Amino acid sequence: MSRRVTTLLLAVPVALLTMLGLAGPAAAAPADKPQVLSSWTQTSVGSYNSWNSARQNQGAWAAYGFDWSTDYCSSSPDNPLGFDFRLSCQRHDFGYRNYKAAGQFPANKSRLDSAFYEDLKRKCNTYSSVVRPACLALAWTYYQAVSIFGGGSVSPAQVNEAAKLLPAGATVR
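For the sequence shown, the residue numbers in mature numbering (1 follows the signal peptide of the UniProt record, and there is no 0) are -28 to -1, 1 to 145.
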C-alpha cells in the first residue's frame, strides 16, 4: 500500500474518534469561560436576559462545563405569598456554584448577591402596585438572608411580616 493511502486510512478513524469525543483527554473549557460567567452574573437586566437565554439552551454551552443545578431558594419558600422567586434564586445558585468551582467565590459574592436583589426587584415590578410593597419587602429579606447570613433561610415569621403589607383581600397575580 502506498504511504499516502496508509496515512489516509489511519487519519480517518482518528478524526472520527476525535469528533465523537472518544479519543484523547477531555477538552478543556473554552478560554473565555471566566468572561462568559462574569457577563451572566452582573446586576443588569441584559445580563439576566443573556443568562436566561443560555439557561434555556444549555446544550449550546456544554463545552463550558457550567453547573446549572439548583435548589431554587434553598430552605426559604420559592413562592412566598405567591411571588415567584424561583428564577432569581436559580440564577443566584448558578453564580454561587460556578464561582465556587472556579475558586473565585469570595471576590464575587457581593456582586452575586446584588444581582440577586436586582433580579428580585425586577420580578416584583411585574406585580400590581397594590401588592408590590409586600413583594419588595420580601425581596429585601431574601437579599439580607444571603448577603449577611451567607444563604440563611427566610422564616415563616418574616414572610408573615411582609404579608402585613398586603391590603385586605389582595391577591398576587
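We treat Cβ as the ideally placed atom computed from N, Cα and C, and that holds for glycine. Quick caveat, the model's predicted, so the values are computed rather than measured.
Could you tell me how far apart the beta carbons of residue i and residue j are, in whole angstroms, since I believe they sit closer than 8 Å?
{"i": "residue 60", "j": "residue 88", "result": "6 Å"}
Relative to the alpha-carbon of residue i, which residue among the options has its alpha-carbon at the smallest distance?
{"i": "residue 63", "options": "73, 140 and 85", "result": "85"}
{"i": "residue 125", "options": "110, 138, 135 and 137", "result": "110"}
{"i": "residue 132", "options": "122, 106 and 31", "result": "106"}
{"i": "residue 16", "options": "75, 130 and 90", "result": "90"}
Can you name, in chain order, every residue of its own chain whose Cβ lies under 6 Å from the Cβ of residue i, other than the five neighbours on each side?
{"i": "residue 9", "result": "70"}
{"i": "residue -22", "result": "For residue -22, the predicted model reports a pLDDT of 42, less than 50, meaning its position is unreliable and no value from the coordinates is stated."}
{"i": "residue 42", "result": "62 and 65"}
Distance, Cα to Cα, residue i vs residue j?
{"i": "residue 53", "j": "residue -1", "result": "44 Å"}
{"i": "residue 72", "j": "residue 14", "result": "16 Å"}
{"i": "residue 7", "j": "residue 83", "result": "15 Å"}
{"i": "residue 51", "j": "residue 80", "result": "26 Å"}
{"i": "residue 140", "j": "residue 57", "result": "23 Å"}
{"i": "residue 128", "j": "residue 2", "result": "43 Å"}
{"i": "residue 5", "j": "residue 36", "result": "6 Å"}
{"i": "residue 136", "j": "residue 34", "result": "45 Å"}
Report yes if the C-beta distance between residue i and residue j is below 8 Å; otherwise report no.
{"i": "residue 55", "j": "residue 23", "result": "no"}
{"i": "residue 92", "j": "residue 114", "result": "yes"}
{"i": "residue 28", "j": "residue 40", "result": "no"}
Report all residues from its chain with a CB closer than 8 Å to the CB of residue i; omit the five preceding and five following residues, and keep chain order.
{"i": "residue 143", "result": "54 and 103"}
{"i": "residue 19", "result": "11, 12, 13 and 87"}
{"i": "residue 95", "result": "55, 56, 57, 59, 60, 107 and 111"}
{"i": "residue 32", "result": "26"}
{"i": "residue 97", "result": "104"}
{"i": "residue 99", "result": "55, 107, 144 and 145"}
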